[in-house]
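**Q**
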Amino acid sequence: QVTLKESGPGMLQPSKTLSLTCSFSGFSLSTSGMVVSWIRQPSGKSLEWLAAIDWDGDKYYNPSLKSRLTVSKDTSNTQVFLKITSVDIADTATYYCARSPGPPFDYWGQGVMVTVSS
Amino acid sequence: DIQMTQSPASLSASLEEIVTITCQASQDIGNWLAWYQQKPGKSPQLLIYGATSLADGVPSRFSGSRSGTQYSLKISRLQVEDPGIYYCLQGYSAPFTFGSGTKLEIK
Chain W
25 QVTLKESGPG MLQPSKTLSL TCSFSGFSLS TSGMVVSWIR QPSGKSLEWL
75 AAIDWDGDKY YNPSLKSRLT VSKDTSNTQV FLKITSVDIA DTATYYCARS
125 PGPPFDYWGQ GVMVTVSS
Chain E
10 DIQMTQSPAS LSASLEEIVT ITCQASQDIG NWLAWYQQKP GKSPQLLIYG
60 ATSLADGVPS RFSGSRSGTQ YSLKISRLQV EDPGIYYCLQ GYSAPFTFGS
110 GTKLEIK
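Chains as they are written, first to last, in my numbering: chain W, 25 to 142; chain E, 10 to 116.
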């Protein structure tokens with residue numbers, strides 16, 4: 025059974041660094057072709073793809089946010105992390121992680137709400 | 010970035026009615042198009058991938074089609090469990106981009 029679950033701070037202040045964790049089971053990120061992505065959704069708005077990391081450790085970023093994003097994974101290939109530096113109110117959103125074994129984003133986590141507020 | 014123009018923004022239809030949602034890609038994306046359904050407070054669920062392939066467990070009343078750079082999602086007979094927001098996604102090239110969404114309601 026494939027499951028993904030995001031975790032994060034819930035709320036943080038502007039200019040701080042947001043750290044998110046995606047913990048997953050039921051598949052291995054070391055499997056050839058496997059990718060885990062981060063996607064976010066402000067309340068009432070559409071979805072925005074942020075970053076991805078693949079089975080080989082290659083990383084991909086949305087150019088609009090690239091300078092602020094860092095995606096990584098743990099050595100056991102059961103967790104993927106995302107850091108966003110210098111957060112702003114505009115970064116308030118629900119953040120999802122999702123996997124892509126081929127068809128894009130077939131399994132998603134439940135999402136974690138992040139509020140940026142002073 | 011590849012832009013995905015989705016229409017309509019909202020749609021109200023009767024049960025058993027045929028519903029069609031479209032996405033227009035700003036450039037050729039081949040068959041790298043997926044459709045998702047999102048219900049309130051839930052994560053998106055994959056319906057269609059590869060423009061026309063039905064995801065596992067998705068009812069056969071959902072179908073996808075392509076004409077050039079225009080993609081369509083059709084619900085052949087609207088059911089009570091189908092309301093939600095539908096999104097298209099292009100997976101052809103990063104940054105992967107979503108349509109703006111179509112809110113589907115029962116009339």
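The beta carbon of each residue, even a glycine, is placed where N, CA and C say it ideally should be.
Predicted model only: the values in this text are computed from it and were never measured.
1. Evaluate P49 (chain E) with the Cβ neighbour count: other Cβ atoms within 10 Å of its Cβ, from every protein chain shown; 16 or more gives buried, anything less gives exposed.
2. To be precise: take each residue of the segment 111–133 of chain W, compare its Cβ to all Cβ atoms of chain E, and keep it if any distance is under 7 angstroms. Which residues remain?
3. Could you give the first and the last residue of the continuous beta strand (DSSP E) run that contains Q134 (chain W)?
4. Flag S61 (chain W) as yes if its beta-carbon sits less than 9 angstroms from any beta-carbon of chain E, otherwise no.
5. Output yes if chain W places a C-beta closer than 9 angstroms to the C-beta of L98 (chain E); else output no.
6. In the structure shown, what three-state DSSP assignment does K90 (chain W) receive?
7. Give me the chain E residues within the contact set of W73 (chain W), using Cβ-Cβ distance strictly less than 9 angstroms, ordered along the chain.
8. From the DSSP output, in three-state form, read off I113 (chain W) for me.
9. So, is Q15 (chain E) buried or exposed, given that buried needs 16 or more other C-beta atoms within 10 angstroms?
10. Scan the segment 24–54 of chain E for residues whose Cβ lies nearer than 7 angstroms to a Cβ of chain W and list them as they occur along the chain.
11. Indicate whether at least one CB of chain W lies closer than 9 angstroms to the CB of G73 (chain E).
12. Using the DSSP secondary-structure output, state which residues sit across from F48 (chain W) in a beta bridge.
13. Would you mind giving the Cβ-Cβ distance between A22 (chain E) and L42 (chain E), rounded to the nearest angstrom? I have them listed as a contact below 8 angstroms.
**A** Reading off the structure:
1. exposed
2. Y120, P127, P128, F129, D130, W132 and G133
3. Segment: none, Q134 (chain W) is in no beta strand (DSSP E) and carries neither H nor E.
4. yes
5. Yes, its Cβ sits closer than 9 angstroms to a Cβ of chain W.
6. Helix at K90 (chain W).
7. L98, A103, P104, F105, T106 and F107
8. helix
9. buried
10. A43, S52 and P53
11. No, no contact with chain W.
12. W:L28
13. Contact flag wrong, Cβ pair sits at about 22 angstroms.
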